[in-house]
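Undergrad: Can you keep this structure in mind? I'll have questions shortly.
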């Protein structure tokens with residue numbers, strides 16, 4: 125009986141480590157293989173980063189918008205992929221976090237375009253949060269110390285992400 129319980133614990137540990145849901149799909153309109161992380165969603169009515177930027181500009185702090193967007197990844201958390209930064213027009217960027225930390229991004233997706241589904245919102249990021257993210261990104265001490273004021277940021281909480289292979 126002891127051996128059976130140990131086997132159950134080991135199997136439970138293995139299966140619980142596989143928290144990321146990955147599916148191979150075909151992106152509608154072309155034959156590109158993709159990986160689905162998080163909750164699945166329909167690949168339709170996808171907004172471009174230009175369309176998203178115009179929506180962000182019209183939003184007030186704490187407004188939310190449920191949307192699907194396609195954009196290029198500029199940066200991924202080097203610690204464990206717990207956030208990423210996507211590119212928006214005019215040199216702007218949006219910080220992307222993942223719903224309930226239910227999945228994480230691979231570090232090798234910088235400069236790839238991803239499709240995300242979730243909530244877009246505008247927030248004011250505190251100095252402490254800015255410094256935390258700068259440290260995660262591997263920024264130098266001088267760069268981190270230069271962060272002295274809160275800033276209005278564009279954010280996104282992704283419930284699902286599609287990454288091209």
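Residue numbers (my numbering): 125 to 289. Heads up, the beta-carbon is just placed ideally off N, CA and C, and yes, glycines get one too.
By Cβ distance below 6 Å, which residues in the same chain neighbour residue 196 in space, the five residues on each side in sequence not counted?
TA: Here residue 196 refers to the residue found at position 72 of the chain shown. Hits under 6 Å: 211, 237.
Undergrad: What is the DSSP secondary structure of residue 217, counted as helix, strand or coil?
TA: As a position in the chain shown, residue 217 is number 93, starting the count at 1. Residue 217 falls in the strand class under three-state DSSP.
Undergrad: Tell me the rounded alpha-carbon separation between residue 246 and residue 220.
TA: In the chain shown, counting from the first residue as 1, residue 246 sits at position 122. In the chain shown, counting from the first residue as 1, residue 220 sits at position 96. The alpha-carbon atoms of residue 246 and residue 220 are separated by roughly 12 Å.
Undergrad: In the segment 185 to 214, which residue ranges form an unbroken beta strand (DSSP E) of at least 3 residues, counting only runs that do not cross its ends?
TA: Listed in chain order, the complete beta strand (DSSP E) runs (minimum 3 residues) inside the segment 185 to 214 are 188 to 200, 207 to 211.
Undergrad: Do you know offhand how far residue 82's Cα is from residue 266's?
TA: It is not possible to answer for residue 82, since the shown part of the chain is limited to 125 through 289.
Undergrad: Output needed for residue 213: all residues of its chain with C-beta closer than 8 Å, excluding positions within five of it in sequence on either side, in chain order.
TA: For this step, residue 213 is matched to residue 89 along the chain shown. The answer, listed in chain order, is 173, 174, 177.
Undergrad: Is the Cβ-Cβ distance between residue 169 and residue 192 less than 8 Å?
TA: Position 45 of the chain shown, counting from 1, holds the residue named residue 169. Position 68 of the chain shown, counting from 1, holds the residue named residue 192. Their beta carbons are under 8 Å apart, which means residue 169 touches residue 192 by this criterion.
Undergrad: Quick check: what's the CA-CA separation for residue 289 versus residue 204?
TA: In the chain shown, residue 289 corresponds to position 165, counting from 1. In the chain shown, residue 204 corresponds to position 80, counting from 1. Going by the C-alpha atoms only, they are around 20 Å apart.
Undergrad: Going by beta-carbon coordinates alone, are residue 271 and residue 161 separated by less than 8 Å?
TA: Walking along the chain shown from the start, residue 271 turns up at place 147. Walking along the chain shown from the start, residue 161 turns up at place 37. Not a contact, by the Cβ cut-off of 8 Å.
Undergrad: CB-CB under 8 Å to residue 171, same chain, minus the five flanking residues each way: which ones, in chain order?
TA: Taking the first residue of the chain shown as 1, we reach residue 171 at position 47. Closer than 8 Å at the Cβ level, and outside the excluded window around residue 171, lie 179, 191, 192, 193, 194.
Undergrad: Could you name the residues of the same chain whose beta carbon sits closer than 8 Å to that of residue 284, not counting the 5 residues immediately before and after it, in chain order?
TA: What you label residue 284 is simply residue 160 of the chain shown in a count that begins at 1. Same-chain partners within the cutoff: 160, 161, 162, 163, 164, 165, 240, 241, 242.
Undergrad: Starting from the N-terminal side, write out each stretch of the beta strand (DSSP E) that is 3 residues or longer and does not extend beyond the segment 211 to 279.
TA: Listed in chain order, the complete beta strand (DSSP E) runs (minimum 3 residues) inside the segment 211 to 279 are 217 to 222, 237 to 249.
Undergrad: According to DSSP, simplified to helix, strand and coil, what is residue 179?
TA: Counting from one through the chain shown, the residue named residue 179 turns up at place 55. Note: residue 179 maps to helix in three-state DSSP.
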